[in-house]
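Okay, so here's the structure we're looking at.
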Amino acid sequence: GIQVEQSPPDLILQEGANSTLRCNFSDSVNNLQWFHQNPWGQLINLFYIPSGTKQNGRLSATTVATERYSLLYISSSQTTDSGVYFCAVSANDYKLSFGAGTTVTVRA
Amino acid sequence: ETGVTQSPTHLIKTRGQQVTLRCSSQSGHNTVSWYQQALGQGPQFIFQYYREEENGRGNFPPRFSGLQFPNYSSELNVNALELDDSALYLCASSLDIHEQYFGPGTRLTVT
Numbered sequence: 635g636i637q638v639e640q641s642p643p644d645l646i647l648q649e650g651a652n653s654t655l656r657c658n659f660s661d662s663v664n665n666l667q668w669f670h671q672n673p674w675g676q677l678i679n680l681f682y683i684p685s686g687t688k689q690n691g692r693l694s695a696t697t698v699a700t701e702r703y704s705l706l707y708i709s710s711s712q713t714t715d716s717g718v719y720f721c722a723v724s725a726n727d728y729k730l731s732f733g734a735g736t737t738v739t740v741r742a
Numbered sequence: 016e017t018g019v020t021q022s023p024t025h026l027i028k029t030r031g032q033q034v035t036l037r038c039s040s041q042s043g044h045n046t047v048s049w050y051q052q053a054l055g056q057g058p059q060f061i062f063q064y065y066r067e068e069e070n071g072r073g074n075f076p077p078r079f080s081g082l083q084f085p086n087y088s089s090e091l092n093v094n095a096l097e098l099d100d101s102a103l104y105l106c107a108s109s110l111d112i113h114e115q116y117f118g119p120g121t122r123l124t125v126t
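Next comes the structure, spelled out in structure tokens:
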């Protein structure tokens, strides 16, 4: 199956800082999603981005499918951005394969 | 528009027992996928149901089984519970094989 690697595993930020999270994947994909998992465990959809660039408020994402990576940008971070961020991909099938996640801690 | 819902929220079972978890898909969605998330790890795919048929299965033993009903809601059944089955169980719904939306999860503890 597809291997998904996320980096860094942990990120500590001061409120107001910018950051970049990376997701590398081992094969061609037709689905790539970024999620934020809140403290209660729910996965919140951030982006559906198999290719290209999207922006939503302070968050943006870019996927370069030909080079098999995606980036999630967080600008002007807030304490509410804390949590685990997951990248998940699928390739011509039905299942999402998840990375191990990046744990983000934003300090006031 | 109603999102994905799951029940129960929390569950405690004893090793060897059986458990049924439930999921209601988002309005307009016809596909339901189930995932298991152990503490500190990313979710792992269990299986997917599309229009009441199993449409793919991950590396889980046959004691993990499921159903999808005509209204596209779904059940996950686990027989002969083991301690390692303790995890957060997540259900996701989608329209065909597109963007998946997750429910809040059921936290299962096996003692």
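Just so you know, the sequences run in chain order B and X.
The opening residue of the first sequence carries number 635 in this note's numbering; numbering runs sequentially from there.
The opening residue of the second sequence carries number 16 in this note's numbering; numbering runs sequentially from there.
We put the CB at the ideal spot given by N, CA and C, even for glycine.
Owing to the predicted nature of the structure, the values given are computational and were not obtained by experimental measurement.
Considering only residues of the same chain and omitting the five flanking positions on each side of residue i, which have a CB-CB separation below 6 Å?
i, result
"Tyr-682(B)", "Gln-667"
"Ile-646(B)", "Thr-739"
"Arg-37(X)", "Ser-22, Glu-90"
"Thr-737(B)", "Asp-644, Val-718"
Can you name, in chain order, every residue of its own chain whose Cβ lies under 7 Å from the Cβ of residue i, other than the five neighbours on each side?
i, result
"Glu-97(X)", "Arg-30, Val-125"
Measuring straight from C-alpha to C-alpha, what distance separates residue i and residue j?
i, j, result
"Phe-84(X)", "Ala-651(B)", "47 Å"
"Gln-712(B)", "Ala-742(B)", "8 Å"
"Ile-27(X)", "Gln-56(X)", "21 Å"
"Leu-105(X)", "Thr-20(X)", "10 Å"
"Val-638(B)", "Val-34(X)", "31 Å"
"Tyr-728(B)", "Tyr-116(X)", "14 Å"
"Phe-79(X)", "Asp-644(B)", "33 Å"
"Ser-40(X)", "Asn-92(X)", "17 Å"
"Phe-75(X)", "Asn-665(B)", "23 Å"
"Gln-648(B)", "Ser-709(B)", "11 Å"
"Leu-82(X)", "Thr-700(B)", "37 Å"
"Arg-72(X)", "Ala-695(B)", "30 Å"
"Gln-32(X)", "Ser-109(X)", "31 Å"
"Pro-77(X)", "Gln-52(X)", "18 Å"
Within a Cβ cutoff of 8 Å, which residues of the same chain sit near residue i, ignoring the five residues on either side of it in sequence?
i, result
"Ile-636(B)", "Phe-659, Ser-660, Asp-661, Val-663, Val-723, Ser-724, Ala-725, Ser-731"
"Tyr-703(B)", "Arg-656, Cys-657, Asn-658, Phe-659, Thr-697"
Which residues does DSSP list as the beta-bridge partners of residue i?
i, result
"Ser-39(X)", "Thr-20(X)"
"Ile-708(B)", "Ser-653(B), Leu-693(B)"
"Val-740(B)", "Leu-647(B)"
"Val-34(X)", "Val-93(X)"
"His-113(X)", "Answer is none; His-113(X) lacks a bridge partner."
Checklist entry - For the region 650-664 of chain B, which residues have a beta carbon sitting closer than 7 Å to at least one beta carbon of chain X? => result Going along the region 650-664 of chain B in chain order, one finds no residue with a Cβ nearer than 7 Å to chain X.
Checklist entry - Going along the region 64-87 of chain X in order, which residues come within less than 8 Å of chain B, judged by CB to CB distance? => result Tyr-65, Asn-70, Gly-71, Gly-73
Checklist entry - Going along the chain, which residues of the region 96-109 of chain X sit with their C-beta nearer than 8 Å to a C-beta in chain B? => result Per Cβ criterion, the list reads Leu-103, Leu-105, Ala-107.
Item to check | Within 7 Å of chain B by C-beta, residues of the region 18-33 of chain X in sequence order | outcome: none
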